[in-house]
Amino acid sequence: MEKHVLPDYASRPGRHIVSLSGGKDSTALAIFLRDKIPQLEYVFCDTHHELPETYEYLDRLEAFLERKIVRLNAQRGFDHWLDVYNGVLPSAQARWCTRKLKIEPFETYVGDDQVWNYIGIRADERRNGYISTKPNITPVYPFKDYGLVLSDIERILAESGIGLPGYYEWRQRSGCYFCFFQRTGEWIGLKERHPDLFEKAKKYESERGGENFYWRQRESLAELERPERIEQIKREHALRLEEERRRRPGRPLIELVGAVLDAEDDERGCDICHL
Numbered sequence: 021m022e023k024h025v026l027p028d029y030a031s032r033p034g035r036h037i038v039s040l041s042g043g044k045d046s047t048a049l050a051i052f053l054r055d056k057i058p059q060l061e062y063v064f065c066d067t068h069h070e071l072p073e074t075y076e077y078l079d080r081l082e083a084f085l086e087r088k089i090v091r092l093n094a095q096r097g098f099d100h101w102l103d104v105y106n107g108v109l110p111s112a113q114a115r116w117c118t119r120k121l122k123i124e125p126f127e128t129y130v131g132d133d134q135v136w137n138y139i140g141i142r143a144d145e146r147r148n149g150y151i152s153t154k155p156n157i158t159p160v161y162p163f164k165d166y167g168l169v170l171s172d173i174e175r176i177l178a179e180s181g182i183g184l185p186g187y188y189e190w191r192q193r194s195g196c197y198f199c200f201f202q203r204t205g206e207w208i209g210l211k212e213r214h215p216d217l218f219e220k221a222k223k224y225e226s227e228r229g230g231e232n233f234y235w236r237q238r239e240s241l242a243e244l245e246r247p248e249r250i251e252q253i254k255r256e257h258a259l260r261l262e263e264e265r266r267r268r269p270g271r272p273l274i275e276l277v278g279a280v281l282d283a284e285d286d287e288r289g290c291d292i293c294h295l
């Protein structure tokens, strides 16, 4: 059988860019490629409303890489675009946040240069992430090329000393602290870990969202934070986690928690924010 020949990324003409989200996969990808592509650029699109753990994680990565992470949107974060859209908050049906805070800033940064955009999707995932419509931007999936799966990503992060983002103790996705794709348990985690940010999310919802707008679509944050509702959510979460442990013995906790959170809500997250 012919041996699979792995690509020589660095030899390809053009710019080489890793899009960072502040999550585990794109961080592991940056580490994995650091010595393979000396000319690699690292880019993060900052909404100005990321979790504190995300900013801390990016600082740690920057120190490890010994290379600057370019942070876009210096003057035009979420609140700027909220004003441009006349105070209409984004939702799963109107995701102007993705377009204005992630896609357009990256494409402006790239310009018309030939770019190889490295994306941290693993070999054990069935998705492609965001693929630009610009012909000069070509997506590349090194983890798929090398056949790397979740356990490999955890190993890369552990061996580097960076580990997982701090928010993985209660949340499985990067992105804005008020992201409307958050699962029920993640909203509870935000309230418990960052009550100030939960209150700010409530304020956006009540003051800018209008009568019928809820971040969670089905219920307001004021309804979600009622003690009896929180108790119900935690009880159901614990039961699902125990069921997952019995059904999939020996699986890492991060994988079990992710499965439980997915079962709590069926909203699919934003591929661009959560790579």
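Numbering (my numbering), first residue to last: 21 to 295.
Just so you know, even glycine gets a beta-carbon here, dropped at the ideal spot from N, CA and C.
As the structure is a prediction and not an experimental result, all values here were calculated from the model.
Check whether residue i and residue j have beta carbons under 8 Å apart
i    : j    : result
L40  : Y197 : no
D144 : V169 : yes
K122 : C65  : yes
L49  : V38  : yes
Y161 : I139 : yes
I141 : F126 : no
I253 : G205 : yes
I89  : V130 : no
L177 : T74  : no
P33  : Q134 : yes
T185 : Y29  : It is Pro, not Thr, that sits at residue 185 in the sequence shown. No, Cβ-Cβ distance for P185 and Y29 is not below 8 Å.
W190 : R175 : no
S194 : G42  : yes
Neighbour-count burial assignment, residue i, 16 or more Cβ in a 10 Å radius
i    : result
E22  : Note that E22 scores 45 on pLDDT, short of 50, meaning its location in the model is unreliable; the coordinates nonetheless yield the value given after this. Under this definition E22 is an exposed residue.
D55  : exposed
N232 : exposed
D132 : exposed
A221 : buried
N137 : buried
Beta-bridge pairing of residue i - partner residues as DSSP gives them
i    : result
E61  : I37
T158 : W136
C196 : E70
R91  : F64
Which residue spans inside the region 108-141 form an unbroken alpha helix (DSSP H) run of at least 4?
Those alpha helix (DSSP H) runs which fall completely within the region 108-141 and span 4+ residues are 124-130.
The region 82-96 in contact with the region 220-231 per 3-pair CB rule at 8 Å
These segments do not touch.
4-residue-minimum alpha helix (DSSP H) runs that sit fully inside the region 190-261, ordered along the chain:
Within the region 190-261, the complete alpha helix (DSSP H) runs of at least 4 residues are 204-213, 215-223 and 241-244.
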